[in-house]
Amino acid sequence: MTHVERQPRERTYLMSPPEHFVVEYAINPWMDVSTPVDTELALKQWEGLRETLVRLGHQVHVLPPEIGLPDMVYAANGAFSVDGVVYGARFKYPQRIAEAAAHRRFYDNHGWKFVAPAETNEGEGDFAYLPDALGGGVILAGHGFRTETSAHSEAQEALGRPVISLRLVDPRFYHLDVALASLDDRTVVYYPGAFSAASQRVLAQLFPDAVVADEEDALSFGLNLVSDGRNVVLNSEATALAAKLRQAGYLPVPVELTELKKGGGSVKCCIAELRP
Ligand code: ARG
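Structure (structure tokens):
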């Protein structure tokens with residue numbers, strides 16, 4: 000197989016350190032309140048992820064963590080931005096509702112146009128953006144566990160890009176970003192089994208060149224990755240997926256995030272991409 004050289008593009012990200020990270024409630028099947036969390040180790044691993052992104056040439060903004068919001072480390076859920084416009088989050092579970100305001104403050108302070116949501120949606124947890132697929136910028140949106148389909152049309156109106164709704168059916172993969180990721184401006188990697196049969200057909204039709212992952216890849220949180228078009232930062236446990244990505248011409252960059260897996264997240268969950 001011959002491949003074109005994959006080109007990286009410089010990115011801007013937003014992350015929030017797990018200073019107050021614990022598992023004291025369970026809102027997804029990965030969370031177990033009886034599992035002890037090593038917050039020090041979580042912080043160390045998070046810092047490793049931040050340094051990896053910086054080393055790859057990206058800019059990382061840091062959102063100050065807040066006491067009483069242990070899941071704030073999963074910064075992907077706080078909003079979704081496209082071309083300088085931010086569509087805010089509205090969390091499904093009461094334990095996380097206050098995170099949305101913290102994210103909003105960041106965008107307001109940095110001069111973004113902010114669209115407040117009326118519908119339940121968990122930001123980049125359930126929205127992915129491909130700047131150059133199917134003739135232009137396209138939004139992929141998950142529903143079934145957290146984000147409501149009504150938020151998909153709200154996002155389309157807020158951001159002026161077509162939204163393709165995809166139904167998630169496996170509770171272990173409760174957000175889109177644990178089942179699918181963008182690898183570059185037009186290519187995705189996904190685990191078909193996380194989606195309804197109809198949504199699998201939609202993905203197969205739209206993305207014939209996708210990298211297709213299996214259940215093991217998804218269970219190792221491999222799909223919860225962040226790519227700059229060439230370098231793919233992913234959970235170090237996802238060795239089989241790393242091999243598939245290398246085969247497709249990408250450069251896997253493994254990072255250890257064992258503590259954050261206890262809250263049901265990995266690389267992508269900890270990172271919101273800012274698209275000015
Ligand atoms: N404990 C968090 C929750 O259940 C994890 C969020 C993971 N974030 C993500 N983007 N998938 O809401």
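Mapping of the sequence shown onto numbering that gives the first Met the number 0: position 119 corresponds to residue 118, and the numbering continues sequentially without gaps. Glycine included, every Cβ here is placed at the ideal spot set by N, Cα and C. On a predicted model such as this, the values are computed, not experimentally measured, just so you know.
### Task
Go through its chain and collect everything with a Cβ distance to residue 250's Cβ below 6 Å, but skip five positions before and after it.
Here the question's residue 250 lines up with position 251 in the sequence shown. 229 and 230, listed in sequence order.
### Query
Per DSSP, what kind of secondary structure is residue 224 in: helix, strand or coil?
Working through the sequence shown from its first residue, we reach residue 224 at position 225. Under the three-state reduction of DSSP, residue 224 is assigned to coil, being neither helix nor strand.
### Query
By DSSP, does residue 22 sit in helix, in strand, or in coil?
Numbered from its first residue, the sequence shown carries residue 22 at position 23. Here residue 22 sits in coil by DSSP.
### Query
From residue 1 to residue 248, what does the alpha carbon distance come to, in whole angstroms?
One-based indexing of the sequence shown puts residue 1 at position 2. One-based indexing of the sequence shown puts residue 248 at position 249. Here the model assigns residue 1 a pLDDT of 49, short of 50, so the residue's position is not dependable, and the following value carries that caveat. Straight-line Cα distance between these residues: approximately 9 Å.
### Query
So, is residue 276 buried or exposed, given that buried needs 16 or more other C-beta atoms within 10 angstroms?
As shown, the chain starts at 0 and ends at 275. That puts residue 276 outside it, with no answer to give.
### Query
Any chance the CB of residue 14 is under 7 Å from a heavy atom of the ligand ARG?
Your numbering for residue 14 matches position 15 in the sequence shown. Within the chosen limit of 7 Å, the ligand ARG does not reach the beta carbon of residue 14 with any heavy atom.
### Among 70, 93 and 271, the one whose alpha carbon lies nearest that of residue 282
Because residue 282 is not part of the residues shown, which for the chain are 0 to 275, the question remains open.
### Task
Kindly provide the ranges of any beta strand (DSSP E) runs that are 3 or more residues long and lie completely inside the segment 185–232, ordered along the chain.
With a minimum length of 3 residues, the continuous beta strand (DSSP E) runs that stay inside the segment 185–232 are 187–189.
### Query
For the beta strand (DSSP E) that contains residue 58, what are its first and last residues?
Translated into the one-based positions of the sequence shown, residue 58 becomes position 59. Run containing residue 58: 58–61, per the beta strand (DSSP E) assignment.
### Task
Determine the closest residue to residue 94 out of 139, 124, 66 and 168, with distance taken between C-alpha atoms.
Translated into the one-based positions of the sequence shown, residue 94 becomes position 95. Relative to the Cα of residue 94, the nearest Cα in the group 139, 124, 66 and 168 belongs to 66.
#### Entry: Pairwise C-alpha distance: residue 156 and residue 97
Residue 97 sits at position 98 when you count from the first residue of the sequence shown. Residue 156 sits at position 157 when you count from the first residue of the sequence shown. So the two alpha carbons sit approximately 24 Å from each other.
### Query
By Cβ distance, which residues of its chain are closer than 7 Å to residue 130, with the 5 residues on each side in sequence left out?
Here residue 130 is taken as the residue at index 131 of the sequence shown, counted from 1. Around residue 130: 136 and 184.
### Message
Going by the DSSP bridge assignment, what does residue 163 pair with across the sheet?
### Response
Your numbering for residue 163 matches position 164 in the sequence shown. DSSP lists 139 as partners of residue 163.
### Query
Can you tell me the Cα-Cα spacing of residue 56 and residue 133, whole angstroms?
Looking up residue 56 in the sequence shown gives position 57. Looking up residue 133 in the sequence shown gives position 134. Between residue 56 and residue 133, the alpha-carbon positions lie close to 28 Å from each other.
### Message
Less than 8 Å between the C-beta atoms of residue 193 and residue 216, yes or no?
### Response
Within the sequence shown, numbered from 1, the residue matching residue 193 stands at position 194. Within the sequence shown, numbered from 1, the residue matching residue 216 stands at position 217. Contact flag unset, no.
### Task
Have a look at 272, 189 and 124 and flag the residue whose alpha-carbon is nearest the alpha-carbon of residue 227.
What you label residue 227 is simply residue 228 of the sequence shown in a count that begins at 1. It is 272.
### Task
Could you work out which residue in 59, 32 and 224 is closest to residue 15 when comparing CA atoms only?
On the sequence shown, residue 15 is found 16 positions in, with the first residue counted as 1. The shortest Cα separation from residue 15 among 59, 32 and 224 belongs to 59.
### Query
Should residue 5 be labelled buried (16 or more other beta-carbon atoms within 10 Å of its own) or exposed?
Position 6 of the sequence shown holds residue 5. Counting Cβ neighbours within 10 Å, residue 5 comes out buried, since at least 16 surround it.
#### Entry: Where residue 98 falls: helix, strand or coil (DSSP)
Indexing the sequence shown from 1 puts residue 98 at position 99. Correct three-state label for residue 98: helix.
### Task
Tell me whether residue 1 sits in a helix, a strand or coil according to DSSP, three-state version.
Residue mapping note: residue 1 aligns to position 2 of the sequence shown, counting from 1. Note that residue 1 has pLDDT 49, beneath the 50 cutoff, so the model's placement of it is unreliable and no number is given.
### Task
Closer than 6 Å by C-beta to residue 161: which residues in its own chain qualify, once you throw out the five before and the five after it? Chain order, please.
What you label residue 161 is simply residue 162 of the sequence shown in a count that begins at 1. Within the same chain, residue 161 has close Cβ partners 137.
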